[in-house]
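In our numbering, the protein residues as written are 6 to 189.
The beta-carbon is built from N, C-alpha and C at its ideal position, and this holds for glycine as well.
Below is one structure, written out as structure tokens, with a few remarks after it.
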Ligand SMILES: CC(C)(COP(=O)(O)OP(=O)(O)OC[C@H]1O[C@@H](n2cnc3c(N)ncnc32)[C@H](O)[C@@H]1OP(=O)(O)O)[C@@H](O)C(=O)NCCC(=O)NCCS
């Protein structure tokens, strides 16, 4: 899939919120107020993944969709389809606040590139590790993070407003991720 990454802008806000609504179930998806507060926080960095509107890119996505992602999400419009928000912290352990890739664009390498960009930024902010939370029942996210060398360090009961527990995952940031494939 042809796409590029760039730093998020305030004008992206509504698109990012709409993506978050599609990526997470009620009780885990952010309200507009929550997302706005995270984006405004000091020491946060947002990267968006954006698809360019060229016909070749469209056919690449259609071909990928034919392998199992047909249906309502089979066509991905040009524009932002994913993003990540990372936060650097004084204790040297950065935090991934959220990572979202629209269902039609998942398993095409965008999440890996977003995560890598956020990790690079955290390294540049002198973070030596990165931590995040994900819902215990979010098997795709757990597989994704394991693939990127994150390890389980704990759980937080009732972390989400839906009552679901969170897994806390962490990795060291001494070296770039050794995941074998991060883009297609
Ligand atoms: C988790 C998420 C960001 C991954 O993004 P993505 O663009 O699909 O990830 P990639 O294509 O880079 O996947 C890299 C690897 O992660 C693992 N992975 C990703 N999605 C997976 C899934 N649904 N099932 C199993 N493994 C998965 C695989 O090892 C995959 O490599 P492969 O496709 O060669 O098998 C995306 O699924 C998403 O936005 N989900 C909804 C929101 C969410 O749960 N965010 C994380 C919690 S904060």
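- Taking a contact as a CB-CB distance under 8 Å, the pair residue 158 and residue 135 does not count as one, their CB atoms being some 12 Å apart.
- One Cα belongs to residue 173, the other to residue 93, and the distance between them is close to 17 Å.
- In the DSSP assignment, residue 147 falls within the unbroken alpha helix (DSSP H) covering 144-152.
- Excluding residues up to 5 positions away in sequence, 171 lie with their Cβ nearer than 6 Å to the Cβ of residue 161 in the same chain.
- Residue 170: not part of any alpha helix (DSSP H); DSSP gives it neither H nor E.
- Residue list for ligand 1: 28, 29, 103, 104, 105, 106, 111, 112, 113, 114, 115, 116, 117, 139, 143, 145, 146, 148, 149, 152, 186 (CB closer than 6 Å to any heavy atom, chain order).
- Residue 11 and residue 176 have their C-alpha atoms roughly 24 Å apart.
- Sequence-distant partners of residue 169 (beyond 5 residues in either direction) whose C-beta falls short of 8 Å from its own C-beta, in its chain, are 32, 33, 140, 141, 142, 163.
- Per DSSP, the unbroken alpha helix (DSSP H) holding residue 24 starts and ends at 18-28.
- Residue pairing of residue 104 in beta bridges, as defined by DSSP: 89.
- In terms of Cβ geometry, residue 115 and residue 87 form a close pair [threshold 8 Å].
- Secondary structure remark: continuous alpha helix (DSSP H) runs of at least 4 residues inside the segment 34-59, in chain order: 37-45.
- For residue 129, the enclosing alpha helix (DSSP H) covers residues 115-129.
- Residue 57 sits exposed, since fewer than 16 C-beta atoms from the chains shown fall within 10 Å of its C-beta.
- Under the DSSP assignment, residue 135 falls in the beta strand (DSSP E) whose first and last residues are 134-140.
- A residue is called buried when at least 16 other Cβ atoms come within 10 angstroms of its Cβ; residue 84 does not meet this threshold and is exposed.
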